[in-house]
């Protein structure tokens, strides 16, 4: 057995017996011949290293995959370099927008837009999208909203450019910032994706197309009637259509009446179409109630009415807010100038003004020893023109005083009683005082008195009201026709002969006294028998000045952007001369026909914020301003 042999072997190895005999019993070893190699030979692969066999299979696959990846990457790179999309960058697309940095509201805004493609591939199906600010209107129709416009540019070649012109009419508040977004949308060959490049164009509105002025007192007495005078005046270069005025009245205001009456409710007026320079005036009357020191804000907006709702604004061209403070004085004072209670009153040079001063006792007790003092000031006051009823005028101090010394009614004014007094005054003639600048007259009314306090101790009370009178500049046109004098040599007979031409010289002279006047326009027309000869002196007019003749209607228009104060007084007048030809008809024999029809002048006074207008009579062949001319030379002869 196997176990027995093992035990027997243990005994032989570890037992206390003589082992020499055991060694003799060993099996004899036989010599074996073995061939020994004289060099290193590569051993055969052993089964335990079968993993190396798998490695030899995977390496070729990896190599093949690497080669394939390299080829694909090379192909993609080749495609990207010569036909791919990664070479197209929006940074290489330039949008150049050229236009004014400022523009008047309501004027046509011209934009010249250039799209330059600096990429190496063309931009296909390119569109130009221009997004305008709210309220923008079409340049073709001011009533058509224009929120955005799209222009097809087609294909823009590599290195090429496309130019396009876009125009619109912007509206908004004066000096407001406007932003126009310009976007180029494009596609690339072989792709349906839409790419884009944006650019923003900023500009400012130098003026609103509509000027809105509100004349009202800054402080009002609770419970007393007040007036608001709102004037909307066109500042645009084209007709403003469907103008709407909307008023928002504050809490505590009770509407009484308006002239003209509101179109809708008591706060919406349709002003219709406003021509260039046209204006509309609305007077609102009402009562403001409140506590002492309360602030009340009235808001007025004017603009274009909505097409679908004529009672609402589509675009507000201008907004004006007036904040009033409610007062409840112990004794109230007010002053009206020719019936106008506005804080500012505008008058002409040398005009007489009637002033009515009123006062009211708002206390529950009488006011005693009342005094009303009017302090007159301003360099435009003609202090010698002041006349007073029931009061005393101190010409040295330029003050008017009503008291119990001049009228016994001032000794005591009963609770709730209202009294009044009047006086007149005039402004200086600016034609005689050409050195005045922005002339005005100030009036300050001081009401003083005494009342009994809660402790039955008399205490002083007072109240003040003030007004400003602004004097309009004297903008004067002098027109004359001459034959012998003037800058031109005239031809033809005097007196003029029927069916024979005689030439005349017409001279227009402008003077302006005290205030800067802008947008001055002199206009006249020629009768059918008069021929415009096209010669003007000076041949080169000043900057901002132009004289044109329109053969349609025979109209002559002389425009001057700005006339400074003192022109014709402290500096030389503005003058222009032109020549006309007159061929009378036999039907005009024995008469002195008109050679220039009635002439009109209009300008905007920057100080009084109002329009000045005047007319001059027609010029005839009776040349009364030519010193060499004789009266018998005026009538047409055979």
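In the working numbering, the protein residues as written are 1 to 638. Ideal Cβ placement from N, Cα and C applies to all residues, glycine included.
Is residue 474 helix, strand or coil when you go by DSSP? Along the chain shown, read from residue 1 onward, the residue named residue 474 stands at position 474. Looking at residue 474 - three-state DSSP - the assignment turns out to be coil, as it is neither helix nor strand.
Name, in chain order, the residues that DSSP records as bridge partners for residue 531. By one-based count along the chain shown, residue 531 stands at place 531. DSSP, once it has assigned bridges, lists 581 as partnering residue 531.
Expected contact under 8 angstroms - CB spacing of residue 470 and residue 307 to nearest Å: Within the chain shown, residue 470 is the residue found at index 470, counting from 1. Within the chain shown, residue 307 is the residue found at index 307, counting from 1. Not really, about 40 angstroms apart at Cβ, beyond 8 angstroms.
When DSSP labels each residue in this structure, what does residue 270 get in the three-state scheme? Counting from one through the chain shown, the residue named residue 270 turns up at place 270. DSSP places residue 270 in strand when its eight states are reduced to three.
When you compare only the Cα positions, how much space is there between residue 95 and residue 598? Mapped onto the chain shown, residue 95 falls at position 95. Mapped onto the chain shown, residue 598 falls at position 598. Residue 598 has its alpha-carbon roughly 53 angstroms from the corresponding atom of residue 95.
Does the distance from the C-beta atom of residue 596 to that of residue 506 stay below 9 angstroms? Position 596 of the chain shown holds residue 596. Position 506 of the chain shown holds residue 506. Contact flag set, yes.
Residue of 242, 476, 63 minimising C-alpha distance to residue 601: Translated into the one-based positions of the chain shown, residue 601 becomes position 601. Closest option to residue 601, judged by alpha-carbon separation, among 242, 476, 63: 476.
Taking 9 angstroms as the threshold (C-beta atoms), are residue 325 and residue 461 in contact? As a working mapping, residue 461 is identified with position 461 in the chain shown. As a working mapping, residue 325 is identified with position 325 in the chain shown. Not closer than 9 angstroms, so no.
So which of 217, 369, 204, 215 has the shortest CA-CA distance to residue 405? Position 405 of the chain shown, counted from the first residue, corresponds to residue 405. Of 217, 369, 204, 215, the residue nearest in Cα terms is 369.
Rounded to whole angstroms, what's the CA-CA distance from residue 151 to residue 127? Just pull it up for me. Residue numbering aside, residue 151 sits at position 151 when the chain shown is read from its first letter. Residue numbering aside, residue 127 sits at position 127 when the chain shown is read from its first letter. Computed Cα separation, rounded: 6 angstroms.
For residue 241, count neighbouring Cβ atoms within 10 angstroms of its own Cβ and tell me buried if that reaches 16, exposed if not. Your numbering for residue 241 matches position 241 in the chain shown. Under this definition residue 241 is an exposed residue.
With a threshold of 16 other CB atoms inside 10 Å of the CB of residue 273, please say whether the residue is buried or exposed. As a first step, residue 273 must be located in the chain shown, where it is residue number 273. Exposed.
For a minimum of 3 consecutive residues, which ranges assigned as the beta strand (DSSP E) are wholly contained in the region 205-282? 210-215, 219-221, 225-234, 240-248, 253-259, 268-274
Return the CA-CA distance between residue 570 and residue 435, expressed in angstroms with no decimal places. Along the chain shown, one-based indexing puts residue 570 at 570. Along the chain shown, one-based indexing puts residue 435 at 435. Looking at the two C-alpha atoms, the distance is approximately 7 angstroms.
In this structure, how does DSSP classify residue 428 when only helix, strand and coil are distinguished? Walking along the chain shown from the start, residue 428 turns up at place 428. Residue state, collapsed to three classes: coil.
Taking the beta carbon of residue 629 as the centre, do at least 16 other beta carbons fall within 10 Å, making it buried, or is it exposed? Counting from one through the chain shown, the residue named residue 629 turns up at place 629. When all chains shown are included, residue 629 counts as buried.
In terms of DSSP beta bridges, what is residue 178 paired with? Counting from one through the chain shown, the residue named residue 178 turns up at place 178. Paired residue(s): 203.
Taking the alpha-carbon positions, what's the residue 494 to residue 616 distance? Sequence index remark: in the chain shown, residue 494 carries index 494 (1-based). Sequence index remark: in the chain shown, residue 616 carries index 616 (1-based). Each residue's alpha carbon lies about 25 angstroms from the other.
Can you tell me the Cβ-Cβ gap for residue 352 and residue 418, rounded? I've got them flagged as a contact below 8 angstroms. The residue given as residue 352 occupies position 352 in the chain shown. The residue given as residue 418 occupies position 418 in the chain shown. No, residue 352 and residue 418 are not in contact; Cβ-Cβ is about 26 angstroms, not under 8 angstroms.
Express the C-alpha separation of residue 236 and residue 624 in angstroms, rounding to a whole number. As a first step, residue 624 is located in the chain shown; it is residue number 624 there, counting from the start. As a first step, residue 236 is located in the chain shown; it is residue number 236 there, counting from the start. One Cα belongs to residue 624, the other to residue 236, and the distance between them is close to 40 angstroms.
Compare the beta carbon distance of residue 389 and residue 423 with 9 angstroms and say whether it is the shorter of the two. For the purposes of this step, residue 389 is identified with residue 389 of the chain shown, where counting begins at 1. For the purposes of this step, residue 423 is identified with residue 423 of the chain shown, where counting begins at 1. Cβ atoms of residue 389 and residue 423: closer than 9 angstroms.
With a threshold of 6 angstroms on Cβ separation, who are the neighbours of residue 499 within its own chain once the five nearest residues in sequence on each side are excluded? Here residue 499 corresponds to residue number 499 of the chain shown, with the count starting at 1. Around residue 499: no qualifying Cβ.
Nearest candidate by alpha-carbon position, reference residue 490, set 441, 496, 504: For this step, residue 490 is matched to residue 490 along the chain shown. Nearest of 441, 496, 504 to residue 490, Cα basis: 504.
Taking residue 109 as part of the beta strand (DSSP E), name the residues at either end of that continuous run. What you label residue 109 is simply residue 109 of the chain shown in a count that begins at 1. From DSSP, the beta strand (DSSP E) with residue 109 extends over 108-117.
Assign residue 6 to one of two classes, buried (16 or more other C-beta atoms within 10 Å of its C-beta) or exposed (fewer than that). Position 6 of the chain shown, counted from the first residue, corresponds to residue 6. When all chains shown are included, residue 6 counts as exposed.
Straight-line CA distance for residue 640 to residue 560? Because the chain is modelled from 1 through 638, residue 640 falls outside the range shown and cannot be assessed.
Cα-Cα, which of 610, 514, 129, 583 is closest to residue 635? Translated into the one-based positions of the chain shown, residue 635 becomes position 635. Out of 610, 514, 129, 583, 583 has the C-alpha closest to the C-alpha of residue 635.
Measure the C-alpha to C-alpha separation of residue 545 and residue 576 and round it to an integer number of angstroms. For the purposes of this step, residue 545 is taken as the residue at position 545 of the chain shown. For the purposes of this step, residue 576 is taken as the residue at position 576 of the chain shown. When rounded, the distance between both Cα atoms is 10 angstroms.
Quick one, which of 119, 593, 68, 107 has its alpha-carbon nearest residue 646's? Because the chain is modelled from 1 through 638, residue 646 falls outside the range shown and cannot be assessed.
Measuring CB to CB, does residue 170 end up less than 9 angstroms from residue 101? Taking the chain shown and counting its residues from 1, the one referred to as residue 170 is at position 170. Taking the chain shown and counting its residues from 1, the one referred to as residue 101 is at position 101. Going by C-beta atoms, residue 170 is not nearer than 9 angstroms to residue 101.
Can you say whether residue 113 is buried or exposed, counting buried as having 16 or more other CB atoms within 10 angstroms of its CB? As a first step, residue 113 must be located in the chain shown, where it is residue number 113. Classification of residue 113: buried, given that the 10 Å Cβ count is 16 or more.
How would you call residue 220, buried or exposed, if buried means at least 16 neighbouring beta carbons within 10 angstroms? Taking the first residue of the chain shown as position 1, residue 220 is located at position 220. Residue 220 should be labelled buried.
Residue 181: which of 132, 190, 591 sits nearest, CA to CA? Within the chain shown, the letter at position 181 stands for residue 181. The residue with the shortest Cα to Cα distance from residue 181 is 132.
Please go through the same chain and pick out, in chain order, the residues whose beta-carbon is closer than 6 angstroms to the beta-carbon of residue 592, but skip the five residues on each side of it. If you number the chain shown from 1, residue 592 lands on position 592. 620, 621, 622, 634, 635.
Residues near residue 555 in its chain [Cβ-Cβ closer than 6 angstroms; skip 5 each side]: To locate residue 555, count along the chain shown from 1; it is residue 555. Excluding the 5 residues flanking it on each side, residue 555 has same chain C-beta neighbours closer than 6 angstroms at 525, in chain order.
Let me know if residue 63 comes out buried or exposed under the rule of 16 or more other beta-carbons within 10 Å of its beta-carbon. Indexing the chain shown from 1 puts residue 63 at position 63. Burial call: exposed.
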